[in-house]
Each structure stands twice: as structure tokens, then as C-alpha cells.
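There are 2 protein chains.
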Amino acid sequence: MTIREYVGAHESALRADLDQWLRIPGISAQPDRHGDVRRSAEWFADALRRTGFPTVEVWDDGPWLPAVYAEWPSADPDAVTVLVYGHHDVQPVDPIELWHTDPFDPTVDGDLLRARGASDDKGQLLFHLLGLQAHLAATGRATPAVTLKYVIEGEEESGSPHFEELLVAHRDRLDCDVVVVTDTGMIAPDVPSTVTGMRGMVAATINLHGPDLDLHSGVFGGAVPNPATAVARLVAALHDEQGRVQVPGFYDDVLELTDQERELFARVPSDEAGFLKVAQSRALAGEDGFSTLERLGARPTAEVNGIGGGYQGAGHKTIIPSDAFAKISFRLVADQDPAKIIKGVEQFVAEQVPEGITAGIEWEGPGVRACLVPLDTPAYAALSAAISAAFDGADVLPTREGGSGPEAALQQAVGVPLVFLGVGLPDDQIHAPNEKVNLSMLYKGAEATAHLWARFAEVGRDALRGSVR
Amino acid sequence: MTIREYVGAHESALRADLDQWLRIPGISAQPDRHGDVRRSAEWFADALRRTGFPTVEVWDDGPWLPAVYAEWPSADPDAVTVLVYGHHDVQPVDPIELWHTDPFDPTVDGDLLRARGASDDKGQLLFHLLGLQAHLAATGRATPAVTLKYVIEGEEESGSPHFEELLVAHRDRLDCDVVVVTDTGMIAPDVPSTVTGMRGMVAATINLHGPDLDLHSGVFGGAVPNPATAVARLVAALHDEQGRVQVPGFYDDVLELTDQERELFARVPSDEAGFLKVAQSRALAGEDGFSTLERLGARPTAEVNGIGGGYQGAGHKTIIPSDAFAKISFRLVADQDPAKIIKGVEQFVAEQVPEGITAGIEWEGPGVRACLVPLDTPAYAALSAAISAAFDGADVLPTREGGSGPEAALQQAVGVPLVFLGVGLPDDQIHAPNEKVNLSMLYKGAEATAHLWARFAEVGRDALRGSVR
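Chains as they are written, first to last, in the numbering used here: chain A, 70 to 538; chain B, 70 to 538.
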């Protein structure tokens, strides 16, 4: 039986599993749903046991919400060890009134299955189980050709606040030769691709303090410094006219795109109209000299996530506010160092703040480095070949995502190459109402998984490990 | 009996009245206190009747909170008619925990009487009643030398939202030859002065809209316009490096200070340390080339009263916000026209907003013109002489206030000269916890009132009216 035949014969089993799991509203951001996060972990642990994993554990021995760990050793003593990362928690569903169906009552409409978590990330984890069974069926093996470890987080949608602690606590279980991250997507159903980079991030709240109390803007207006004006000037000074970030040293360590990489970016079908529609934006913007895909994948940014100060209600209150703030996140690319960027931002703020205003900066932790998959490595070649096989030999395009995830921390913890196998689509509405997944993409993902384990086994441990960037 | 003897003999009566009235918490900004605003109006109406006013009415025949109107015609058929403006409502008391005494249980500590409304404006209205009695006693008259009308508003501390409607509804009762506004202050107990200008104002909320929903700043960051950045740039562009407002045509109609006026400003005792202490600010700021007093009294401004957009809570949410806003008020000076400034701001916003961002502007009504008292008029001369007489012949300095009040609307409605007689002090904490009044200043105010009615009577109707600016 071929991989495709096996997957084709078991599509309904994947759908049935997905229908059960998606009914559990494991929203990690809502404390009143943390019981459901646990139920979600336990449901997936059971599914792993049913699949045949001899070791399955729910990790709740730390401040993190329940995570699932599973291990299935290959009978081959020299087998490659693969660590798969994903997450079982889901996004909140607000604004609930914009959903056309109950987010936790999955509905199938042709190829589309609609529910919260269908694409992000439950559907993608379940294609792994089907893919593993196809791998065993197609190879006639009783154990996988590679030793498989799964670490499935329960608070990714809350920003993985304790993931680094979990990695430290369970480091002894996580030895591996390659990491496969399954939480990303492809360009289009007929354009197979794989993520090869995610941006890093540092984020800060910058608090500016002026007069020690809100002042009457008639009695004092025009004669004392206004922190709301100061925060506006600071934000305005963040970018120059060319859209370049003005933090000292910001671009010093940026790995510039090579001609080959720019050529690959240019080969990705460009759909600016589609991008604007998904963004619900009326215009593009950004750093001069780069395409939208390059801006998102390969260029660092500074974005204001929130700005505030003074009167926020209806109508007017004629005050000079005492305080104002800006919440700013900086997306980083390889090889920017979060610690150096933090220093640069602190220098920038100190230089921008006018006389009479004091500034305080609260950082959201030490930041996360960018994660970049080199294209000239055995791990990437195996992944690319496995995906191509699932898509009838089509070329696989490397892409980069603009977001930041726990991948960089994971890779740093285990020190081995990392690749991305994900089959989400740009219109999956993963953090929005009416999330869906294309079932046909999940079946492709299962096929790619089955091919990938065989490919990794062929490459072998030494070749895989030798390709750490 | 001289004016001073009469006032000196009746200080305790003023204190007793004030003690009663200050116990009524007539906070116009709080709907649950509107019953107290009515009680406050009725208390003052009774006080006017006790003083001898033959006509006293509580006006509650419109959307405004109860206002008090009183009239005492002079027996002299050619008498000057004086319209006195003040207000009986008070500011809220929050933050209540910063008060050292109950704001509605007046306490006397030497010359200081502490309570909400002691200075703003109940104490000042009560010196008028004592002053009128002193005027009658000193002149031996049964009726005042001038016909007196009092219009005492009940929602000044809420921004006088219905005062113009009240003026229209009762316009037939308000004919007069001169207006006296009693709601301001002097430089210091030993530096008698009078306000000669108040700034006008227009205020707007500028709403900027970017993408139609909050976007993930990883997935979209660096590729679409961010309205929080746009609002920051708009605010940053409001002023140039010299602190001049960049709205087109903003300074076109500004009446520049004459050398004589600048000389008068320079004579006002300068206390920048004291100003910074009251403002609780660590620095001065403002338009280059002007002193702090000039900036506050004679120069127009643009101040951000509130700025907002995107995530406002603790920690971070990595979004590109869909919306951002700035609440901006422009203080105006003579002869700026609010309608022209509104047009200029609309042009400024249209020029500043980048591609992909849409702007909406909500104006807080049509705005208020500045109010300026010319110094070379009989009305000003009479006021200055009356104050000087109360202060043993001291020079009376003209000052200007930076705030905006209903005075301009009142003057526009009645079309006669207007002067300010007020005895508040800079440290009265009038919109803050621990409001107080110096009782000795109230007695001076009573004396000045008594002198003023006699002076106005001497000047006569034609001379007074001839001095409308």
C-alpha cells in the first residue's frame, strides 16, 4: 500500500478525530477555560496512545498549562531522532458575533472544516498521526524509521510564557537530531512551500512622565512640556522618510538578503490585492526598496502596538496629561541580537526625551532571536523532497514568516537544525472569526510527514546534525 | 461709616453665610449631585433676597442646571446697569483621599477657609453681597447707585454646555451697560491685579482609521500603515522646533503684543520656580521668544489632551491597531476666529494623513473666541480705581489668563464692555484637593465692589458703552 493509498483510505478517521478534539474549547488566554486546556491535552495524549506511542505523558509539573509529550523509539539503534513541536491550545473566539457557526461545533462544507483550532494547530497535529500510520503501513515497519518525540505546548496562543522554563525542566527528554515545527502554512493549495524563517522580537512599554498631575490646559497650556506630545514625537522619530528604523545600530547585524534569496522571494506568486484584502488595509507601507514579502520575512520592523495618555473618554477634557506611553514591538531578523537592540532602544529613548519629561522602559523579557533555516542543508533538502512528493513533484518554495514564535528558543535549547512542515493557508482566519482548514491540505500534510520520516532516516544522524547554522 | 468700616464690622456675617453655602455639594459634573446644584441655587437666591434684591429667580426653564437671576434697580432713572456673572456650581472632589479635611465641612485656619468652592466661586459671589451692603451703608442710599443684575450659572464647572442657550432664552432680561465677571484671581495678596484677557478655544477629537481590524504585528508588521504611528506623526508635526503651531494660517489674525503690553507683562512679578511648583513640572516649555506669562496669556497654543490607540492594558499585545485618536485643544487669542482655525486644522489633518489611513474630526462645538479687555477705556479705569482703593492706593496690574470661559459668549450676547473683578490666589487649588480661600481677599473684594458701583455711577452710561472694543 502506498502512502497516498493509505491516507486516502483513512481520511474519514482523521475527520472523526478532528471533530472530537475541536469540541474542546482549550483557550489558554482565558483562565476559566484552563480546565478545557487540560481536557484538550488529555484528549491528544489518548490519540497518541491509540496511534501506538509507547510513552505518552501530560506535563503539568511547572507553571505552564498542560503540555503533551510522546516518544516512539525506532527499532533501528542508529535511528535519527526527530522532535516535533506544535501546540494544542487555541485562540479566543471574540468577537463571537462575527462567527457564522459555533466555533466549537465543527461543520464541514465541501473541503472546508470550520472551527476554532481547525488549522491552528489541532488539524495540523492530527495529520501527523495519520502520516505516521501511513509511514508504518507503506514501509511495513512495526516502529517508525526514526525515533519520534512530540512536545505539544498548551499555551502558545498566550505567547508561550513558560516554554523556556519547560525546556529547561525537561531538557533531558528532548535530545534529538532535527526539529520539525508544525504550526505554519503554505502560499496556496497548488503552491507548496515551507517557512524558512521567523522573525525574533523585543517589546517594550515606554512610559513618559511630565507634570506630577494632570494640568488644566488653559491655565498651563503652552508653558510646560506635554508628555503626550513627547510620546508622539518619540514615535514619529522611530522611522525616517524611507521607513527605516532610527534606533542606533538597528541594522548593524542584519543579514542582508543575497541575490539568490531575493530571486526566490520574487518567484513567490505576488498577490498584493489579496494581501490587502486579508489585512483589510487600504494601502501598503514599509521600508523603501523591499517588496511586501521581503518586508515581512526578511526585514526588521518597529511597530506601535498601543499608544495612550490623557483623556480617553467621549467628548473633551482640557488637560495636559501627567503621563503618556507607547507600547512598541521590534521584529528582528537574523543575526540581530535582542540584547543589542534593547540597548539601542534605550539610547534612542534617552536621546528623544525632552527636558522636563522623564522616561521609563519596561521590557517584555529578554526578547527572542529570529529563526532562519539555511537552504543548503540536508535537513532542508529532506523536507523539501518530502513536501514535493506529497504535491506530485512540484517545486517547493521557501518562504519566511513575519511572526515570532517559540521556535528560536527550542532550537537554542536543543542545538540542532530545525525545519517547518505546515499546511495552513493564508485565508484560514487563524486568529479571527470563522477559522477553517482545507481538509485536502491536511491529507497532503499526512503524506509529507510519511515521506519525511523515511527521508530523514536515509540522511542519517551525522549528516543532519552537521547542518546546524 | 466708610466702606472699610462696614466690611470690617460684617466679616463674620460673610463667614457664616459661606459656611452654610459650602456645605451644599453642588457638583454639576455629577448627575447624582444635581439635586444639590438646585439646593445651591436656592440657597443663593435666598441670600440675594435677604440682601434686599426685589427680583430673584431660579432659572430652570431649559436644559441647563438651575441658574440664579437677580435684579435690583437703582432709583436713579439714568443709572448705569451692571450685569455680574459668576457660577454657584463646584468642581468634583476626586481624588478625595488627598483632602486633609472634608471638602464639604468648611474649616477655618487663621485667614484660610478650606472647602470645595471656597474660592471658585462661592466665596467670590458672597463678597459681592457684603460689598453691596457696604456700598449702601457708605452712601446712605436705599437702592444701589447702579442697577444691578446677577446671572449666576449652575454648570460652569462642566464647561457651560448650555450657557449660550440660556443667554438666548433670557436675552430680554440681560440688557446692561457693562459686565463684571467674578471668577478669577490676583497675582498675590499684596499685588492687586485684574484679568484683562482670557483665551478662546476650539477642540477636536481626530480619529485615524487604518486596517479594518487589529492585525497581528508579526504577520503584517512593516507592510501596512499603522494608525498609531500616523497619529503620532500628526501630533509631532503640530509644532515646529520653535514651538510654533504649524496649522495653516494659525497666526494670521493673532493680535501681536504691543511694546506697552510687553512692558506690563514684564512688570508682573516673575516667579518661575513658583509656577513650576504649582504645575509640578520639571521644566518650562513653549513658543520661543515669549515669557511664560506671555505664552499663557497672549499666545495661542495647541495641546494634546489625550492620545490613544491599540492595546492599553498591562504587558503587551502584538497588534497593529485598527484605530488611533488624538484629542487636541487649541487656545486662541484675540483676534483669532474659531471658524478659520477649524478650517486650518482640517486642512492640516488632510495634509498629514498618509495613504491608507482615513481621518475623521469631531469638533467640540463651534469654539469660543478670546476675550480681551482694552486698557484705555472708562470701564477699565473705573475697575482699576476701585481695586486700587481697596488695596490702599496700590497700582493694579493687568494680567491675562490662559483659560477659556463663557465670558466671550456673554460679551457677544450683550455687546457691552466687560471687566474682571476676582480675588482668587494662585495657590487656591481651585480644581484640586484642599481648595481654600484667603478670607482677607474676600474682604478686599467686598471693598472693591462697593467702590466699583460708585465709580461706574460716576462714569455714566454713555461713557461706559462707548468703550466697547
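Even for Gly, the Cβ is constructed at its ideal location relative to N, Cα and C.
Asked	Found
Within the 8 Å Cβ cut-off, does A/Phe289 reach chain B?	yes
Do A/Leu444 and A/Leu490 have their C-beta atoms within less than 8 Å of each other?	no
Please confirm whether A/Thr427 and A/Thr265 have their CB atoms less than 8 Å apart.	no
Hey, would you say B/Gly287 sits closer than 8 Å to A/Gly471, going by beta carbons?	yes
Quick check: the segment 404-420 of chain B against the segment 318-330 of chain A, are there 3 or more CB pairs under 8 Å?	no
How would you write the range of the alpha helix (DSSP H) that B/Ala297 sits in, first residue to last?	Pro296 to Ala305
Any beta-carbon of chain A closer than 8 Å to the one on B/Lys346?	no
In the DSSP assignment, find the alpha helix (DSSP H) that holds A/His520 and state where it starts and stops.	Leu508 to Val528
Between the alpha carbons of A/Trp90 and A/Val159, how many angstroms are there, rounded?	11 Å
So A/Phe122 packs on A/Leu194, CB below 8 Å; how close in whole Å?	Actually they do not touch by this definition, with Cβ atoms about 13 Å apart.
Check whether chain B comes within 8 Å of A/Leu357, counting only Cβ atoms and requiring the distance to be less than that.	It is Asp, not Leu, that sits at residue 357 of chain A in the sequence shown. Chain B, which has no Cβ nearer than 8 Å to the Cβ of A/Asp357, makes this no.
Would you please verify whether the beta carbon of B/Ala459 is less than 8 Å from any beta carbon of chain A?	no
My output table needs one value for B/Trp133: the three-state DSSP class, helix, strand or coil.	coil
If you reduce the DSSP assignment to three classes, tell me which class A/Gly39 lands in.	Absent from the model: residue 39 of chain A. The displayed extent of chain A is 70 to 538, so no value can be given.
Kindly list, in the order they appear in chain B, the residues whose Cβ is closer than 7 Å to that of A/Asn295.	Glu372 and Val373
How many angstroms separate the CA atom of B/Gln498 from the CA atom of B/Asp321?	36 Å
What residues of chain A sit near B/His500, judged by a beta carbon separation below 7 Å?	His285
Evaluate A/Met70 with the Cβ neighbour count: other Cβ atoms within 10 Å of its Cβ, from every protein chain shown; 16 or more gives buried, anything less gives exposed.	exposed
If you draw a straight line from the C-alpha of B/Gly312 to the C-alpha of B/Pro172, how long is it?	39 Å
Any beta carbon from chain B within less than 8 Å of A/Ile376's own beta carbon?	yes
Quick check: what's the CA-CA separation for A/Ile376 versus B/Tyr380?	7 Å
Could you name the residues of chain B that A/Asp281 contacts, counting a contact when the two beta carbons are closer than 7 Å?	Gln349
On the premise that A/Asp180 lies in contact with A/Asn507, defined as a C-beta separation below 8 Å, what is that separation, rounded to the nearest angstrom?	5 Å
Is A/Thr274 near the ligand SAM, in the sense that its beta carbon is under 7 Å from a heavy atom of that ligand?	Here there are no bound small molecules, and the ligand SAM is not part of this structure.
Does the distance from the C-beta atom of B/Pro296 to that of B/Ile456 stay below 8 Å?	no
Between the segment 138-148 of chain A and the segment 162-169 of chain A, do three or more beta carbon pairs fall short of 8 Å?	no
Comparing C-alpha positions only, which one of A/Glu74, A/Glu225 and A/Arg118 sits nearest to A/Val106?	A/Glu225
Going by C-alpha distance, which of B/Gly484, B/Ser398 and B/Ala85 is nearest B/Gly434?	B/Ser398
Where does A/Glu372 land, buried or exposed, given buried means 16+ other C-beta within 10 angstroms?	buried
Tell me which same chain residues have a C-beta within less than 7 Å of the C-beta of A/Arg364, skipping the five on either side of it?	Gly355 and Glu356
For B/Val248, count neighbouring Cβ atoms within 10 angstroms of its own Cβ and tell me buried if that reaches 16, exposed if not.	buried
Quick check on DSSP: helix, strand or coil for A/Ala454?	helix
How far does the alpha helix (DSSP H) with B/Phe344 in it extend, from its first residue to its last?	Glu341 to Ala348
Measure from the C-beta of A/Arg302 to each C-beta in chain B and report whether the shortest distance is under 8 Å.	yes
Going by DSSP in three states, B/Ile275 sits in which element: helix, strand or coil?	strand
Thinking C-alpha only, which one of A/Glu234, A/Ile96 and A/Glu111 is nearest A/Asp189?	A/Ile96
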